[in-house]
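**Q** Pasting a structure below so you can have a look.
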Amino acid sequence: MTVEVTKSLATEEDTIKLGAALASAVKTGMTIYLRGDLGMGKTTFSRGFMHALGHTGAVKSPTYTLIEPYELAQWRVYHFDLYRLADPEELEYMGIRDYFNNDSIRLIEWPERGFGILPQADIVITLQPEENGRLVTLAGHSEIGEEVVKQLQ
Numbered sequence: 007m008t009v010e011v012t013k014s015l016a017t018e019e020d021t022i023k024l025g026a027a028l029a030s031a032v033k034t035g036m037t038i039y040l041r042g043d044l045g046m047g048k049t050t051f052s053r054g055f056m057h058a059l060g061h062t063g064a065v066k067s068p069t070y071t072l073i074e075p076y077e078l079a080q081w082r083v084y085h086f087d088l089y090r091l092a093d094p095e096e097l098e099y100m101g102i103r104d105y106f107n108n109d110s111i112r113l114i115e116w117p118e119r120g121f122g123i124l125p126q127a128d129i130v131i132t133l134q135p136e137e138n139g140r141l142v143t144l145a146g147h148s149e150i151g152e153e154v155v156k157q158l159q
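Residue numbers (this note's numbering): 7 to 159.
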């Protein structure tokens, strides 16, 4: 059974706050997919998430580097942006499996570009346009993912 929560986000600040709320509930070892077209707020969401976990610097989309690592006091977070990935096999060449351990959290933008290589997400976040902002759906796809999504209801 998948647990889902849907919310309207009227402003960029609402997106940042939702990212922060998820950060307050997240557990290590989780994989979080961020889905949505260009400009839907995936990186904005990630910024709120990272700042809530204690990162004080800029949070930019790793569009050209594919991955941005964050070593925080309590957390190791890897932020992936697979938009420019030409073939999922490229993930194997960059040692993708090394990032999927129980002492880190993974945020993955454009996860469909890594289909067949990436493990299943614990939470899938989908951002889409709505008349006055964005509509976001958070869906738990594992036991721990469902627990975290329930906390955000």
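Idealized CB from N, CA, C, for every residue including glycine. Predicted model, so just to flag it, every value in this text is computed and none were measured.
Taking Gly35 as the reference, give the member of Asn108, Gly139, Gly25, Trp116 with the closest Cα.
**A** The residue given as residue 35 occupies position 29 in the sequence shown. Nearest C-alpha to Gly35: Asn108.
**Q** Going along the chain, which residues of its own chain have a beta-carbon closer than 8 Å to the beta-carbon of Gly139, five neighbours each way excluded?
**A** Working through the sequence shown from its first residue, we reach residue 139 at position 133. Correct list, in chain order: Ser14, Leu15, Ala16, Thr17, Asp20.
**Q** Take the Cβ of Arg119 as the centre, count every other Cβ of all protein chains shown within 10 Å, and call the residue buried at 16 or more, exposed below.
**A** As a first step, residue 119 is located in the sequence shown; it is residue number 113 there, counting from the start. When all chains shown are included, Arg119 counts as buried.
**Q** Please identify the residue among Met100, Leu113, Ile150 whose C-alpha is closest to the C-alpha of Ser67.
**A** Along the sequence shown, one-based indexing puts residue 67 at 61. Among Met100, Leu113, Ile150, the Cα nearest to that of Ser67 is on Leu113.
**Q** Does the beta-carbon distance from Gly54 to Lys23 come in below 8 Å?
**A** Walking along the sequence shown from the start, residue 54 turns up at place 48. Walking along the sequence shown from the start, residue 23 turns up at place 17. Yes; because the gap between Cβ atoms is below 8 Å, this pair is in contact.
**Q** Nearest by alpha-carbon distance to Asp93: which of Glu149, Ile38, Ile129, Leu124 is it?
**A** Taking the sequence shown and counting its residues from 1, one reaches residue 93 at position 87. Checking every option, the nearest Cα to that of Asp93 belongs to Leu124.
**Q** Skipping 5 residues on each side, what residues in its chain have a beta carbon closer than 6 Å to that of Gly122?
**A** Within the sequence shown, numbered from 1, the residue matching residue 122 stands at position 116. If we look at Gly122 and ignore the five residues flanking it on each side, its Cβ neighbours are Pro94.
**Q** Quick one: grab the DSSP three-state call for Phe55.
**A** Residue mapping note: residue 55 aligns to position 49 of the sequence shown, counting from 1. DSSP places Phe55 in helix when its eight states are reduced to three.
**Q** What is the C-beta distance between Ala27 and Leu158, in whole angstroms, given that I count them as a contact (C-beta under 8 Å)?
**A** As a working note, residue 27 is residue 21 in the sequence shown. As a working note, residue 158 is residue 152 in the sequence shown. Yes, Ala27 and Leu158 are in contact; Cβ-Cβ is about 6 Å, under 8 Å.
**Q** Note down, one range per segment and in chain order, each beta strand (DSSP E) of at least 3 residues found wholly within the region 54-97.
**A** As summarised for the region 54-97, the continuous beta strand (DSSP E) elements at least 3 residues long and confined to that stretch are 73-77, 82-87, given in chain order.
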